[in-house]
Every structure is written in structure tokens, then in C-alpha cells.
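Chains as they are written, first to last, in our numbering: chain A, 34 to 433; chain B, 53 to 404. Shown next, in C-alpha cells, is the structure this report addresses.
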Amino acid sequence: MLTPLREGRSPHPTIYLDHAATTPLRPEAFEAMRPWLTTSYGNPSGTHSLARAALRAVDDAREQVAELLGGEPGEVVFTSGGTEADNLAVAGAARGARWDAAAGSGRPAAPVCCSAVEHPAVLEPTRALGGEEIGVDAGGIIDLDALSCWLSAHAEDAALVSVMLVNNETGVIQPLAELAALVREVAPSALIHTDAVQAAGWLDLPRAAAAADLVTVSAHKFGGPKGTGALLIRPPARGRLHPVLRGGPQEHELRAGTHDVAGIVGMGCAARLLISESQEPARVAQLGDRFVAGVLSAVEGAVPAVPRQLRIGTICNLGFEAIESEELLLMLDAAGVCASAGSSCASGAVEPSHVLMAMGLSAGEAREHVRFSLGHRTTEAEVDQAVTLVAEAVGKLRSP
Amino acid sequence: MRVLVALSGGVDSSVAAALLVAEGHEVVGATMKLWGGASDSGCCSVADVDDARRAATRIGIDHHVFNFTEEFSARVVVPYVEAHGAGLTPNPCIECNRHLKFRSFLDRASRLGFDAVATGHHARVVPGDEPRLLRGEDVRKDQSYVLSCLTAAELRRLLLPIGHLDKTAVRALAAELGLPTAGKPDSQDVCFVLQGTGAGARERFLSERLELHPATVVDHTSGEVLGEVPAVELVTVGQRRGLNVGGGERRFAVRIDVGRRLIEVGKEADLMADGVVLGERTWVRAPLPAGSEVMAQSSAHGRPAKAVLVGDGLLFGERRRRVAPGQTVALYVGDEVVGSGIVRPGDVGAAA
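Now the structure itself:
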């Protein structure tokens, strides 16, 4: 009768241009993690030698991550990823602020704000707290005048301003130093948080994130494993965050839960590699520029979402006239090219990018955009092949 | 052939996909995300997407999710609300088929290089240059009514793999294949209105989107005022309940005038009509000339009635109950769908 369960086809050679979504685990990181998944299984919170061995591994990783972020080991709090770190920063600061609900206007938490182009991991906790979203200009840069207004209105009690260092959809770099100066001047009590998840590996974080009191990173965006991240908590923020996860005393009582030792070790290893590979940012950015130039010359009606000087070179968001991004992604996938667009909703459907719409694009225009993000594995040959495949895919969609 | 199957998450479309795979076609499944609102529990909800994906994995085919929420809102939900606002009783499932499944989905399939699309509808396509659309083998489950707006152009690129099977056979196949959807009950209601909450659901949905107006209920013959209803937009021709006309003889809504906020009620005899006026006519192949005899079916599983095509609609063989304006009438010759139309208010002229 019917033959059930056909075997899946094996995928053709892949050109992976979706590093902003996730990156391959570095083989060195995998090797570093292995013993902590097999023979060295101690819980770092214990007292015996197995536990202490695990604790030392966590300490080592903590040092690596601190160096990557430009902070001290004692300032690093390990979490389950970027999302948890963002939630700890936003909700932690809002609830931690000395907010006198009785004397205040009855609002449930201290005032927080973020930019309108933040990742949902910052937007959603901000919204849940009744916080403000500050608009951006056509280039995706936060409106500092609007921010200034908000800061003035909340000069006494603003708890947190959160602005991501590099945008995950467009690669746009926010003027963190300028923004921080504004906050310190108008609302000095407010903490400054930056989601540096997309910046890690591409910008020199000790310099670029120096002005922030709270910095988020996520391991799987820079060659580490999924399920591990960190929040750097600098001295001005110390003692001012309420924990999100309560339970045991881990991470200075800021983040309860048994340490994911293997994940943390993997993250530390990936961080160490990043620090040592100082040529990578320039190499990959050049490849990004080559890719964009190639596509623009091979495809009519292709336009970058953002001018090059506003963004990092490794995230290339391009719009294709009269093309549905969902369809282009499928055609590219069939040809072995991995890219993405907008964000996924709970059902897995692609939603048009809220970032592009905050920059002034209509939903229809946003639906023409695809994000190509390069990384450590990307080669020149891949970039050139990808340009050809993109041109072919667009061509097929335009005349089926 | 390369076939894109519309997987709804239900058992019919899962089995349809499995049958195509068994026939040796290159099959890919896709679920349309149509609605993300509060009702996300009916057809094509997140849970259904998960079911569709698991079924696809079981069958061994790729699965994608297509975001058609904007088209769905513009072409199904908004017109549904507007139709009610105008006193019509729309059939959104037919509009979804007309605009989404067999326009947007079909066009996308073509652009992506597929030769055909397939669904789990219980109906049959007879392929050819002049393809034909027939009722499904199992008359109780026949879904040709909701496909009656299709034309030869769409039928040439449509496969309906389960139309020759009855429902028990479909479920048996699903069980044999180990499909996770084998035991799943069929979805019944309009997908974007909250399910399981009864008659109030539609009213709640509309009241959130439409300004509702009270209307006077009057006797169709004498004009005597009989009562009031809170929302004229929620009343349908043929309705008996909720008209606030008290006990006594059964009375039905016979005419609805939204503009004048008036509902005329009458006895069952007053509901009878000689025919219907039809607009938005579609023909599967060539239009049939006036005077042609057809069988007219005015609901998904209603009994078809003999009718004759006339200039502006249909004349029934025997007087029968009015069909609410906004509803679709599917036209059959034997088991074959020949066309469709949407009922317009008014009485059909006798002129052929």
C-alpha cells in the first residue's frame, strides 16, 4: 500500500549567511566543553574536589568573558543566554530602583525606556513594565531629542535606559557614548544598559561599551554554545538590580540555578578565541562589502537598508524591489544559501521587521528585505557564489 | 510533479500529502498563517502549525509556514466585517479559498517552481485541458461547495488527492501511516472567531469591529411594530431566534434593511422565494446560457434544489426558503460543479 516515512534528502552544500541568528560552535569550544559533559560533572556549588574542579572551570571562563567585555570577573553574571541577561537588566533595574510606590503615581515599576529597534528580549520586558520606546530616525539611530525629553520628564526617578550597541537586523551602531553623556547630565540616577549581543566579535567591546553600566552578550552569537550568556554589571549598577531568577545564591545571588558548567566553559573558550583573532572583524567586514557590492551590481532594484557608515560590515540588510522575502528565502534555501528576514512569530511564520518599520518603511517595503550576516566561517569564494545565487533566485521570482 | 500541499494541521491535508508522496511526486508542505488574533485556536493556529509540521516530518516532507496575515485581513476579515455592516451574511471560508488558497498560495507556488498545489478538500478534479470539479465520493463530507468559486485556470494546477475516499478510509490511512493527526477532530467554525464559545463568539467579534445599531422589528405584511433588537448587523435572513417578538407563531427574519434599521419578520411562507439574485458569478468553464437547468446548493451540506438559470440569477423549480444575501450558491450539473454566485438582496426577475 503506501510507503510510510520517506528518508529526508541530504542538504546540498550550504553557504551560511545567517550568523546573526546563530554561529557554528567553534571546534575548540566543543573540545573544551567535552570533559564537563562527561567525566567532570561536578556542581560548582559543592565542596568536594569534583565540585571545586567545576568551580575553577567557571572561574576561568569568567575571566575570559570579563576580558572580552572590558570588565572585572566579579562583574560577570552568567545566564541562560542573551534574553535572560536582557530581562535581568531591564526588569532587574526597574524593580531594583528605590521606587516608592506609595508616594509615586501608582505606576507598578520605576520608569525605563529603550529604543524602538531593540531586540524583543529588551522590548518585551520594557513593555511589560509600561516603559517608553524611543523612536529612531530613517537611518535607525535613536532620536536623542526624544530621549532627552523622556529623561527630563523622569529626571528624578528614571531607572534604566537600554539601547543596543549593534542592531541585529540592520547592523546599525548606536552612539552609545553620546547617549550616555546625555543620560548622565539629565537623569544621572538612570542606569545605562546595552545589548551587545551582535557587537561581540565585531566591535572592541571594552571601548565601544565602556559607557554602559550593564552589558549583555550571548555565547551562540560568537562561536559558543546556545543556552549561555552573560550580563556585565559595572559598579554603578551594583546593588541596584533585583534578580529575575530567585533560588540558590549563585552569581552573587543575582542569578539562581546550578551553573551550566559546560556551556560556560564553551563561552569562555569562544571569548578567548575572539580576543586572539584581532584580524577577523576587518576580514569579515571586507567580505560583507564585497557581497553587497556584488549583489547591487548583479541585481536590479536591490538597495541596502542602511548606509555603510552607520553599520558594521558583517550584517547586510538588502531590499529587493517587488520581491517577497519569504519567497526569496525559500528560493535561496533551495540553492543552499541560508539567510533570514524580520523575525519569527510563535508559529514560525516570518513577521516583517519592526526595526525597518521603526525606520519608516511600510510593512510592504519591509517584506522586501532580507538580512545576510557573515561570520568566522565565511570565505571569499562563498561570498562570490552567494552573489550569483542571489541574482538567480531574484531572477526566477521576477519571471517564473 | 512538484506539488505544494496546503497543510492545515488536520487529518485530511496530512493524508493528501502522504498519498502524493506515495504516488511519487516531489511534495513540500506549507501552512498558511492567516490570523494571529485572540482567536488563535481554530484552523491554522499555532497548535495546528505544530501538528502540520509533525505530520510533515512523519511523511518525510519539508514544511514551511507562510505569513499571509495581511492578505487574509484585507481580503477575508475586513470584507467579512463590512458585509455584516451592510446587512449581508458573508461566507469567509469561500473568500479565503477564492483569494488566499487559490490565489495567493497558488501564485506563490508557481513563483517557487511548483507544478501544482494540493489540499485535503473532499472533492475531485478531473484533469485535462478543460478540467472538471466534481463532488467528493463521500456525499456527507463533500466540500465541493466551498470550492465552487474556482475556475479552470486554478483547477489545472490543483490536485485533490482524498476526494475519492470516504472519511473512515481517510482516518484509517492516517492511522496506518502513524500520522499524529489521525485522531484529530475536524475544525468546524470560522477560523478567526473564537471557537468553543457558542453563538456569542461571532457577536463579540463583530461588536469589537463594527458599530452596531438597534433596529425595529416589524411585521412583513402589516408593518406593525413588534419589538426591537440590539444589533441589526447581527441578524440574518431566515433567522428565527433572538428577534424579540415574543411567543406565538414562529416568525422569521424575511428582510433586513440596515440603512433604515428595520427588520421585517414573517411566517415561514413569507420566507419562501421563487429564486435568488446572484452576483459575482464564476464559471468553472464556459458560462451556461440562460434557461439551463442546474442543481443549486446554498450551504456547505445543504440539499441541492432544481433551478433554472435566468438573467440575474436563478429560478427555483419549487419555491423554497430565501437564501441570505451574501451567501454563496454553488451550481451543479449532476455531480459536477459548473459555477457559483453570491446572493444579492432582492427578488429575481422572471425574465429569462
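Every residue gets a Cβ at the ideal spot worked out from N, C-alpha and C, and that includes glycine.
For residue i, count neighbouring Cβ atoms within 10 angstroms of its own Cβ and tell me buried if that reaches 16, exposed if not.
i: P183/B; result: buried
i: N440/A; result: Residue 440/A is absent from the model: chain A starts at 34 and stops at 433.
i: S311/A; result: exposed
i: T273/B; result: exposed
i: P42/B; result: Nothing about residue 42/B can be read from this structure; chain B reaches only from 53 to 404.
i: V194/A; result: buried
i: V160/B; result: Sequence inspection shows Arg at residue 160/B; the Val mentioned does not correspond to that position. Classification for R160/B: buried.
i: D100/B; result: buried
i: T347/A; result: buried
i: A136/A; result: In this prediction, A136/A has a pLDDT of 47, which is less than 50 and means its spatial position is unreliable; what the coordinates show is noted afterwards. When all chains shown are included, A136/A counts as exposed.
i: R54/B; result: exposed
i: G11/A; result: Look at the range of chain A in this structure, 34 to 433, and you will see that residue 11/A is not part of it.
i: S395/A; result: exposed
Please check if any C-beta of chain A sits within less than 9 Å of the C-beta of residue i.
i: G165/B; result: yes
i: E147/B; result: no
i: S97/B; result: yes
i: K85/B; result: yes
i: V63/B; result: no
i: G235/B; result: no
i: E206/B; result: no
i: V129/B; result: no
i: R106/B; result: no
Does residue i come within less than 9 Å of chain B when only Cβ atoms are used?
i: C147/A; result: no
i: G381/A; result: yes
i: L422/A; result: no
i: A396/A; result: yes
i: P433/A; result: yes
i: L265/A; result: no
i: L156/A; result: no
i: L320/A; result: no
i: A430/A; result: As written in the sequence, residue 430/A is Leu, which differs from the Ala given in the question. Closer than 9 Å: yes.
i: C182/A; result: no
i: C371/A; result: no
i: C378/A; result: yes
Whose C-beta lies closer than 8 Å to the C-beta of residue i among residues of the same chain, with five residues either side of it excluded?
i: A210/A; result: A243 and A244
i: L215/A; result: L177, L180, S181 and L184
i: Q418/A; result: I48
i: F118/B; result: A82, T83, M84, K85, F157 and R160
Sorted by chain position, which residues of the same chain lie with C-beta nearer than 7 Å to residue i's C-beta, five sequence neighbours on each side aside?
i: A406/B; result: Only positions 53 to 404 of chain B appear in this structure, which leaves residue 406/B out of reach.
i: A226/B; result: V63, S66, V67, T233 and A234
i: M324/B; result: R371, R372 and R373
i: A134/A; result: Reliability of the predicted coordinates at A134/A is poor, the pLDDT of 44 falling under 50, and the value obtained from them is presented with this limitation in mind. Excluding sequence neighbours, A134/A sits near nothing in its chain.
i: R410/A; result: Y49 and P57
i: V219/A; result: S181, L184, S185 and A188
i: R223/B; result: V63 and A234
i: E286/A; result: P276
i: A191/A; result: P144, L184, A220, S222 and A223
Quick one: which chain B residues come within Cβ less than 7 Å of residue i?
i: G256/A; result: Within chain B, no residue comes near G256/A; the closest Cβ sits about 28 Å away, beyond 7 Å.
i: M364/A; result: L164
Using a Cβ-Cβ cutoff of less than 6 Å, which residues in the same chain neighbour residue i once the five nearest sequence positions on both sides are dropped?
i: G257/A; result: A62, G299, M300 and A303
i: L70/A; result: A295
i: R95/A; result: P106 and V109
i: V199/A; result: I206, Q231, A232 and I345
i: I225/A; result: V194, A213, V216, A245 and D246
Note down, in chain order, every chain A residue with its Cβ under 9 Å from the Cβ of residue i.
i: G154/B; result: Checking the sequence, you will find Phe at residue 154/B rather than Gly. Ordered by position in chain A, no residue passes the 9 Å Cβ test against F154/B, which lies about 17 Å from the chain.
i: R373/B; result: The premise fails here: R373/B is roughly 40 Å from chain A at the closest Cβ pair, so nothing lies under 9 Å.
i: E122/B; result: P385, A396, G397 and R400
i: G172/B; result: Those within 9 Å of G172/B in chain A number zero; the least Cβ separation is about 15 Å.
What residues from chain A crowd round residue i, counting only those whose CB sits closer than 7 Å?
i: F118/B; result: E359 and A382
i: R54/B; result: Per Cβ cutoff of 7 Å: no residues; R54/B is ~11 Å from chain A at best.
i: V101/B; result: S380 and G381
i: R160/B; result: E360
i: G88/B; result: C378
At 8 Å on the CB atoms, spell out the chain A contacts of residue i, in chain order.
i: G81/B; result: Those do not exist, as G81/B stays about 12 Å from chain A at its closest Cβ, beyond 8 Å.
Exercise. What are the start and end residues of each continuous alpha helix (DSSP H) run of 4 or more residues lying completely inside the stretch 181-253 of chain B, in chain order?
Worked result: Correct list: 204-207 and 219-229.
Problem set entry | beta strand (DSSP E) runs wholly inside the stretch 142-227 of chain A, at least 3 long, in chain order | Complete beta strand (DSSP E) runs here, min 3: 145-148, 165-167 and 193-195.
For this session: For the stretch 346-432 of chain A, list the alpha helix (DSSP H) runs that are entirely contained and at least 4 residues long, ordered along the chain.
Result: Taking only runs of at least 4 residues, the alpha helix (DSSP H) segments lying wholly in the stretch 346-432 of chain A are 358-367, 387-391, 396-399 and 413-431.
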